[in-house]
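K.L.:
One structure follows; several queries about it will come next.
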Amino acid sequence: MPTVSFWWKPGCATNTRQIGLLREAGCEVVVHDLLTEAWTKDALLAFFGARPVREWFNPAAPAVKAGAVDPTGFRAEAALSRLVAEPLLIRRPLVEVNGERCCGFDAVWLVQRGVRLPDGTVPQGCSHAGSDEVAECKPPRNPAVYCAPPSGASFP
């Protein structure tokens, strides 16, 4: 199984389950703290691929949920500036496998890169505190279109 680099928000129950699934699948998971990483606009953009700007944002981020940040109101450059300044707003996890990067935990994308996840539910979205239920986010119509193409260099 491939090595998976996984940027998460420490303490996130859903990200914890996703990491567990990757390890159960036999992957070596290199975990990075999304909130303390020294992000640049170019580094983030490599994970977003052709995904629409509004999908770069974490819909469960407190500022988004409260209406203080409207992901539909951003152009790419302004969105990248905001995400670099406030990493809590970044849709997570950010995932890298074999030099290819993607935003979100996309089981189809992972399988296409040689990660065979165990059978069962693949958690996405925000887990409810104190519950095993998961609030699902709508998946993109064609997830493969939204994932970044392979890059020639590894991420810092």
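According to the numbering used here, the sequence shown is numbered sequentially starting from 3. Where a beta carbon is used, it is the ideal one built from N, C-alpha and C, also for glycine. Since we're looking at a predicted model, the values are computed, not measured.
(1) Count the other C-beta atoms from every protein chain shown that fall within 10 angstroms of the C-beta of A108, then say buried if there are 16 or more, exposed otherwise.
(2) Pop quiz: V86 and L46 are said to be a contact at Cβ under 8 Å. What is the actual Cβ separation, rounded to whole angstroms?
(3) Going by beta-carbon coordinates alone, are V113 and V99 separated by less than 8 Å?
(4) Would you tell me roughly how many angstroms separate the C-alpha atoms of H130 and T16, rounded to the nearest one?
(5) Going by DSSP, what residue range makes up the beta strand (DSSP E) through R103?
(6) Spatial neighbours of N60 within its chain, please: C-beta separation below 8 Å, excluding the five flanking residues on both sides.
P.N.:
Straight from the coordinates:
(1) Note on residue identity: the sequence assigns Asp, not Ala, to residue 108. It is buried - the Cβ of D108 has at least 16 other Cβ atoms within 10 Å.
(2) 7 Å
(3) no
(4) At H130, the pLDDT of 46 sits below 50, so the modelled position is not reliable and the matter cannot be decided from this model.
(5) 102-105
(6) V66, L90, L91, I92, R93, R94
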